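Colleague:
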Amino acid sequence: MTRIESAKPVWLTPIGKRTAEAGLRDAATAACAVNGDAARALDLARALGGSVPRPGSGQTRRLFETLASLAAADLTAGRVVEAHLDALAILDQAGVDPAGLVGGGTTESSWGVFAAEGTGSRLDARPAGGGSWQLDGTKPWCSLARSLSHALVTAHTSATTRRLFEVDLADPGITVHTEAWVGRGLPAVPSGPVEFRGVRARPVGDDGWYLRRPGFAWGGIGVAACWWGGAVGVARRVWESVLEREPDQIALAHLGALDLALTTAGVSLTDAAAAIDAGDAAGEQGALLAARVRGQVARTVDEVITRTGHALGPAPLALEARHSARVSDLQLYVRQHHAERDDAALGRRLRDAGVSPW
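As C-alpha cells, this is what we get:
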C-alpha cells in the first residue's frame, strides 16, 4: 500500500518561489518522530527555538511554512513548538533576554503562553517590591504546565487591565490540575487550570502591552498555519487513496475540492506573511487580518475533515493509528477558533469601522 512520506515539507503555495527545502524536510522528519509524544515535542521546540525566524523579521513566510510542515507531520509537535516559538517572539518584541528572567531561563528552557480567560477564574498581580510581582488566583487552559519550565502569563493589575508576566513553573506556589482532561485529541498536551499562590513573577511590557503589540495578531496567524498544516496532513490520505486504486468521479471530486480549499487557505497565509513583513499588519489592520485568516483556515479545516471522511469511509479512522490520531488532534486544535462567535466578532469589527470592506 502506497503511503505519502509524512516528513514531506509543506509550502504555502504550490507554485512559485519556495524556501530552502532541506531545513523544512529536517523539521518535518523530526516532527514525524515525535508521534504524539510531548517530551519529544519539547525537545524539538528547544532545538528549533534559535533557528526559526520570528514573525515580522522579513522571513514570516518561512516561519509559517515551518509550523505547517511540523503540524502536517505530527500535530503534537506543531502545537508544542508553536507555543514555545510564540513565547520567544513575545520576549523578543519586549526586548527581554530569557536568560535574565525568573528562575534563570536558558536555551534548555521550554515555554508556554497562558493568556486565556474563563468564567469563575481570575489571576491577580500585585507589586511585591524590588521590581518583582506576586501572582494569586487561577488561570484556565494552561497547556503542558507540568512539563514546561517557564510560561508567560496574563494577570489582572486592576479591575479592567491585564499585564503579561514571566513565571518559573517550578515555583512551589504553583499547583497544576489536569485531572479533568479527557480529550481524545492531543492527549499528551493536557490543558487545565493552574493555581497561583504567592508566585513570584516579573512583568514583560507594561499594562495592556500584550494585547496592543502587533505580534498579538501575528501569533494568532501562526496558530492558523499549524491548523492548515494539520489539514494538509489529513488530506494527504485522500491523495494516497487515489494512487492505491483507480478513483471514481466522487473520489476525484473530493480531491479537487480539497485542493481548492487548501490552496485558497495557503494563499491567505502567504498574503498575511507578506503583509506582516511589509509593516501592513499592525493595530486594527493586523487584528482584521488575523480574524480573516483564522476564519478562512478554520473553515478549510472543517471542510477537509468532512470531505476526507466522505472520501475514505471508516477504514482509515478505525485501522490506521496515525490518521485516526491526526483527525482527532486537528478536530480539537481547530476549536481554538470559536466558529460563529468569531465570525460575529469579525462582523462587529467591520460594522464598527463603518467602511464597506468590499
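Its first residue numbered -10, the sequence shown is counted upward by one per residue in the working numbering.
We treat Cβ as the ideally placed atom computed from N, Cα and C, and that holds for glycine.
What you are looking at is a predicted structure, and each value in this text was computed from that prediction instead of being measured.
Could you spell out where the alpha helix (DSSP H) holding Gly45 opens and where it closes?
Modeller: From DSSP, Gly45 is part of no alpha helix (DSSP H); its letter is neither H nor E.
Colleague: To which residues of the same chain is Ala60 closer than 6 Å at the C-beta, ignoring the five residues directly before and after it?
Modeller: Gly67, Cys215, Gly218, Gly219
Colleague: Rounded to the nearest angstrom, what separates Leu153 and Ala72 at their Cα positions?
Modeller: When rounded, the distance between both Cα atoms is 15 Å.
Colleague: Excluding five sequence neighbours on each side, which residues of the same chain lie with their C-beta closer than 7 Å to the C-beta of Ala314?
Modeller: Gly25
Colleague: What number of angstroms, rounded off, separates the C-alpha of His312 from the C-alpha of Val156?
Modeller: 37 Å
Colleague: Apart from the five residues on each side of it in sequence, which residues of its chain come closer than 7 Å, Cβ to Cβ, to Asp266?
Modeller: Gly45, Gly47, Thr49
Colleague: Look at the alpha carbon of Ser40 and the alpha carbon of Thr55, and state the distance between them as a whole number of angstroms.
Modeller: 11 Å
Colleague: If you draw a straight line from the alpha carbon of Gln238 to that of Trp0, how long is it in whole angstroms?
Modeller: Near 28 Å, if we compare the C-alpha coordinates of Trp0 and Gln238.
Colleague: Take the Cβ of Leu133 as the centre, count every other Cβ of all protein chains shown within 10 Å, and call the residue buried at 16 or more, exposed below.
Modeller: buried
Colleague: Grouping DSSP H, G and I as helix and E and B as strand, with all else coil, what is Asp341?
Modeller: helix
Colleague: From the DSSP output, which residues share a beta bridge with Val282?
Modeller: The partner list for Val282 (beta bridge, DSSP) is empty, contrary to what the question assumes.
Colleague: Taking Cβ to Cβ, would you say Arg115 is nearer than 8 Å to Trp122?
Modeller: If you check the CB distance, Arg115 and Trp122 come in under 8 Å.
Colleague: How is the beta strand (DSSP E) around Thr127 delimited, first residue to last?
Modeller: 121 to 132
Colleague: With a Cβ-Cβ cutoff of 8 Å, do Ala263 and Gly209 count as a contact?
Modeller: For Ala263 and Gly209, no; Cβs fall outside 8 Å.
Colleague: Bridge partners of Asp157, per DSSP?
Modeller: His139
Colleague: According to DSSP, is His145 part of a helix, a strand, or is it coil?
Modeller: strand
Colleague: For the segment 184 to 195 against the segment 157 to 164, do three or more pairs of beta-carbon atoms, one drawn from each stretch, fall closer than 8 Å, so that the two count as touching?
Modeller: yes
Colleague: By the DSSP assignment, the alpha helix (DSSP H) with Thr222 in it spans what residues?
Modeller: Checking the sequence, you will find Gly at residue 222 rather than Thr. Where Gly222 is concerned, the enclosing alpha helix (DSSP H) stretches over 204 to 233.
Colleague: How many Å lie between Glu184 and Glu106 at the Cα?
Modeller: 13 Å
Colleague: Near His326, which residues of its chain fall below 6 Å by C-beta distance, leaving aside the five closest residues on each side in sequence?
Modeller: Arg283, Ala287
Colleague: Which same chain residues, not among the five before or five after Asp332, have their C-beta less than 6 Å away from its C-beta?
Modeller: none
Colleague: In the structure shown, what three-state DSSP assignment does Asp266 receive?
Modeller: helix
Colleague: What's the C-alpha gap between Val231 and Ala240?
Modeller: 7 Å
Colleague: Hey, Gln285 and Ala254 are a contact pair by Cβ (cut 8 Å); roughly how many whole angstroms apart?
Modeller: Their Cβ separation, rounded to whole angstroms, is 6 Å, which keeps Gln285 and Ala254 in contact under 8 Å.
Colleague: List the residues that DSSP assigns as beta-bridge partners of Ile163.
Modeller: Phe185
Colleague: What is the rounded straight-line gap between the Cα of Val323 and the Cα of Val290?
Modeller: 7 Å
Colleague: Apply the 10 Å Cβ neighbour rule to Gly343 and answer buried if 16 or more other Cβ atoms are within range, or exposed otherwise.
Modeller: exposed
Colleague: If you follow the beta strand (DSSP E) that Leu112 is part of, which residue opens it and which one closes it?
Modeller: 112 to 118
Colleague: Suppose the cutoff is 6 Å on Cβ atoms and the five residues either side in sequence are ignored; what does the same chain contact list for His145 look like?
Modeller: Asp113, Arg151
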